[in-house]
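Counting in my numbering, the sequence shown runs from 26 upward without gaps. Right, one structure below, let's go through it.
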Amino acid sequence: EIRDACQPNPCLNGGTCRPTNGNGGYQCTCPSGFTGLRCETRDVCNPNPCLNGGTCMTNGVGGFICQCPPGFSGQRCEDRDPCASQPCMNQGTCIRDNGGFRCVCPPGYSGSRCEIRDACQPNPCLNGGTCRPTNGNGGYQCTCPSGFTGSRCET
26 EIRDACQPNP CLNGGTCRPT NGNGGYQCTC PSGFTGLRCE TRDVCNPNPC
76 LNGGTCMTNG VGGFICQCPP GFSGQRCEDR DPCASQPCMN QGTCIRDNGG
126 FRCVCPPGYS GSRCEIRDAC QPNPCLNGGT CRPTNGNGGY QCTCPSGFTG
176 SRCET
């Protein structure tokens, strides 16, 4: 007599047993959230614990690791990376800061996104003249030392 491998049900956690090959073999179809030959292992990636389109991967020790898409970080991809969009202009360096970001500007640039060119870097005034930015749009004015005149103290 051939024994029904599915009586009693060897599948755990509500798994459905299906006999195979007629000589005592079986296959378990596991419910959502479980995996393994007998549905004995909790599938930590089902449902997906990763947020914002992250991909869940089991780590082999009962836990998981989220691979986050560009622009997100954190254990579950829960943190939006404010630097992902490269908000700093003119080769400024973006640094995450208190949930937001700040830009470290290269010499000659300023502003919250390094968008303002400093017309006085490098100093366009000649003969020891002192440069003063005027309108924040690349304009400047030179204060010339005594004995020199011209828009750049050139004469």
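C-beta atoms are modelled at their ideal positions from N, C-alpha and C, and glycine is treated no differently.
- Assigned with DSSP and collapsed to three states, M114 falls in coil, not helix or strand.
- Per the C-alpha coordinates, the member of C42, L76, C93 and T66 positioned closest to G87 is T66.
- In this structure T155 is not in contact with T174, their Cβ atoms being roughly 14 Å apart against a cut-off of 8 Å.
- Beyond the five residues adjoining it in sequence on each side, G125 comes within less than 7 Å, by CB distance, of P107 in the same chain, given in chain order.
- Note on geometry: alpha-carbon atoms of C53 and Q116 lie some 57 Å from one another.
- Note that the C-beta distance between D143 and S135 is below 8 Å.
- The beta carbon of R105 lies closer than 7 Å to those of G96 and F97 in the same chain, with the five residues before and after it left out.
- In this model, M114 and G164 are separated by some 19 Å (Cα to Cα).
- Closest in alpha carbon position to N46, among N77, L37, C31 and C70, is C31.
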